[in-house]
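Protein chains in written order, with this note's numbering: chain X, -13 to 228; chain G, -13 to 228.
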C-alpha cells in the first residue's frame, strides 16, 4: 500500500502537515507533483488530475490510497491518525485531536492572509500596505492568543514530555511543530518577543524535531525549505514585536 | 440527554451550522448564552465558561453533552452526524461529508473576511476601502469557484433530489443551505448574477428549507435573523455583480 500525495510542488504549504504525518508513521508515499512530468509531476498535471478525481476535491492536498480520494488537510490527518496511531482510538481523544488540528488550521489561514489580506489573485507587492496592517494585528493579537492557548494546554498536561493530547504523540503535535517553525521563519522578531511565554510549546517543537523519523526527514531533500511562495513568508516589513 | 450549545448570543455565526443539525435531528438542546443571565446566559457568562471548560476550547461554538466538551464547528458536526445519522456510517462517506464541511468552512471564513480584511479588532468602517477590494475579489473569483464546485457535485449526483453525498440528507447539505441563504442576504446582486448557474444548489437549499423540522425552526424565534453583527452582512457598497 503506497500513498499518493498530491500537492503543489515547490512549497511546503498545507501539504506539509500531511507529509509530517506520513514521515512520522514511516509510511510509503509518493509526492507525485514533485516527480517528473512523465510520471504525473508538475502543477499542470495536478490541475488536470483534480478535474478527473472522484469524489472531486476542491483543492490540494489530496491523498489517494486504494479506492480512497481524500482532501482537506484536517480530514486527511483524521484518516491517517486513525490508520497510523497518530491519534487516540476512542471518540473523546479523536475529537480532541481533530479539534486541535482545526484550530491550528485557523491559525494557518490567518498566517496566509497576513501577506494576502485583499486577494489571493493579487501579488504581495500590490497589497503591501494592507498586509502591514493585517500583520500588525496578527502579531499583536492573534499570534499571542493562538500560541498562548496551545501553551496553556501543554502546561496543563502536567508531566513534562507530554503533547497536546497527553503522553502519546499525535498529528496535532506534528502540526504545532510545523506552525512554530513557520512562524519563527516568517516573524522572527515577533516570535523572539513571545518566546519567554512559550516554554512548553518550544520544548514540544524540539522534541518533535528530534524524533528519529522526523529528524531524518527534516535533513532530507524531501523537506522543501521555507520560502516566499508558501504560507509562511519572511517579509521583514511585516515583522516586529508581538 | 440534553445538549448544551454555547455560542455568542445575537448572531447566527458559526453556531448556526450546529443549530441546523440539532434541529434537523429533533435533538433536545439549550442555547445557553441566549437564555437569562441567571441561567448562564449572556456573553460574559460564556467568556467565563470558556476559561473553566476542559479540555479548553479556543472559541465557540462549543457543544457540551454528558462528559464531552467539543469545539470547532466541523468537529461538532462530525460528532452529531455520527450520532444522529446525518452522515454515512462507513469511512468513505464519513470522510467525504467531513471534507465537504471543511470546504464550506473555508468559504465561511472567506465571507467573514470580506468585511474584516485587515483586523477583526477594527470596526468595519475603519477598513471599508480594503473591504471593497477584498469583496470584489470574493464576488468575482471565490464565490463562483466555491459555488460552482458544489453545483458540479450536485449535478454529478444524477438523480434529482439527491444531496452532496447522495440520496440521504447530511449535515453538509444543511450547511450549504445556510451558506446559500447567507450569501443571498449579504451579496444579493452577486447571487442574482450567479443564480442561472446554480440551479441544483438553489434547488437543494429549497428542499432543505422545506424539511419539516428545518421549516419549523426557520419560522420560530429560535432562528436569529441575519444581521450586520454576524458573518453574512449586507453592506450594499460591498455587493455587485459576480
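The C-beta atom is built at its ideal place from N, Cα and C for all residues, glycine as well.
Three-state secondary structure (DSSP) at residue i?
i	result
residue 16 (chain X)	strand
residue 231 (chain G)	The structure shown has nothing for residue 231 (chain G), since chain G only spans -13 to 228.
residue 151 (chain G)	coil
residue 57 (chain X)	strand
residue 48 (chain G)	strand
residue 124 (chain X)	helix
residue 72 (chain G)	coil
residue 227 (chain G)	coil
residue 219 (chain G)	coil
residue -2 (chain X)	coil
residue 22 (chain X)	coil
residue 129 (chain G)	helix
residue 201 (chain X)	helix
residue 213 (chain G)	coil
residue 208 (chain G)	coil
residue 89 (chain X)	helix
residue 109 (chain X)	coil
residue 173 (chain X)	coil
residue 231 (chain X)	As displayed, chain X neither begins before -13 nor continues past 228, which places residue 231 (chain X) out of reach and without an answer.
residue 36 (chain X)	helix
residue 156 (chain X)	coil
residue 142 (chain G)	helix
Measure from the C-beta of residue i to each C-beta in chain G and report whether the shortest distance is under 9 Å.
i	result
residue 17 (chain X)	no
residue 217 (chain X)	no
residue -4 (chain X)	no
residue 97 (chain X)	no
residue -8 (chain X)	no
residue 61 (chain X)	yes
residue 81 (chain X)	yes
residue 58 (chain X)	yes
residue 85 (chain X)	yes
residue 127 (chain X)	yes
residue 120 (chain X)	yes
residue 138 (chain X)	yes
residue 113 (chain X)	yes
residue 44 (chain X)	yes
residue 65 (chain X)	yes
residue 230 (chain X)	Residue 230 (chain X) lies beyond the residue range present for chain X, which begins at -13 and ends at 228; the question has no answer from this structure.
residue 41 (chain X)	yes
What is the rounded straight-line gap between the Cα of residue i and the Cα of residue j?
i	j	result
residue 164 (chain X)	residue 211 (chain X)	12 Å
residue 97 (chain G)	residue 90 (chain G)	10 Å
residue 25 (chain X)	residue 55 (chain X)	19 Å
residue 4 (chain X)	residue 206 (chain G)	43 Å
residue 174 (chain G)	residue 29 (chain X)	35 Å
residue 105 (chain G)	residue 44 (chain X)	27 Å
residue 47 (chain G)	residue 219 (chain G)	19 Å
residue 31 (chain G)	residue 40 (chain X)	46 Å
residue 204 (chain X)	residue 76 (chain G)	36 Å
residue 172 (chain X)	residue 221 (chain X)	7 Å
residue -12 (chain G)	residue 12 (chain G)	11 Å
residue 100 (chain X)	residue 202 (chain G)	42 Å
residue 116 (chain X)	residue 225 (chain X)	14 Å
residue 14 (chain X)	residue 153 (chain G)	36 Å
residue 51 (chain X)	residue -10 (chain X)	6 Å
residue 16 (chain X)	residue 6 (chain X)	13 Å
residue 121 (chain X)	residue 178 (chain G)	35 Å
residue 148 (chain X)	residue 184 (chain X)	15 Å
residue 68 (chain X)	residue 74 (chain X)	8 Å
residue 72 (chain G)	residue 155 (chain X)	31 Å
residue 186 (chain X)	residue 151 (chain X)	14 Å
residue 275 (chain X)	residue 214 (chain X)	Missing from the structure shown is residue 275 (chain X); chain X here goes from -13 to 228 and no further.
residue 102 (chain X)	residue 198 (chain X)	36 Å
residue 38 (chain X)	residue 53 (chain X)	14 Å
With a threshold of 9 Å between beta-carbons, can residue i be considered close to chain X, or not?
i	result
residue 238 (chain G)	Residue 238 (chain G) falls outside the range modelled here, since chain G spans only -13 to 228, and no answer is possible.
residue 34 (chain G)	no
residue 123 (chain G)	yes
residue 92 (chain G)	yes
residue 170 (chain G)	no
residue 3 (chain G)	no
residue -11 (chain G)	no
residue 89 (chain G)	yes
residue 53 (chain G)	yes
Quick one: measure Cβ to Cβ for residue i and residue j, integer angstroms, because I've assumed they're closer than 8 Å.
i	j	result
residue 9 (chain G)	residue 217 (chain G)	Going by Cβ atoms, the distance from residue 9 (chain G) to residue 217 (chain G) rounds to 19 Å, so no, they are not a contact pair.
residue 227 (chain G)	residue 176 (chain G)	6 Å
Decide if the stretch 147 to 160 of chain X is in contact with the stretch 108 to 120 of chain X; the criterion is three or more beta carbon pairs, one per stretch, under 8 Å apart.
-> With a cut-off of 8 Å on Cβ pairs, the stretch 147 to 160 of chain X is not in contact with the stretch 108 to 120 of chain X, counting fewer than three such pairs.
Would you say the stretch 71 to 87 of chain G touches the stretch 56 to 66 of chain X, given that touching needs at least three Cβ pairs under 8 Å?
-> yes
On the three-pair Cβ rule with 8 Å, is the stretch 123 to 132 of chain G touching the stretch 186 to 194 of chain G?
-> no
Specify whether the stretch 130 to 144 of chain X and the stretch 132 to 142 of chain G touch according to this definition: at least 3 beta carbon pairs, one from each stretch, less than 8 Å apart.
-> The answer is no - the stretch 132 to 142 of chain G does not touch the stretch 130 to 144 of chain X, with fewer than three Cβ pairs under 8 Å.
Say whether the stretch 8 to 26 of chain X touches the stretch -13 to 3 of chain G, bearing in mind that this needs 3 or more beta-carbon pairs closer than 8 Å, one atom from each stretch.
-> no
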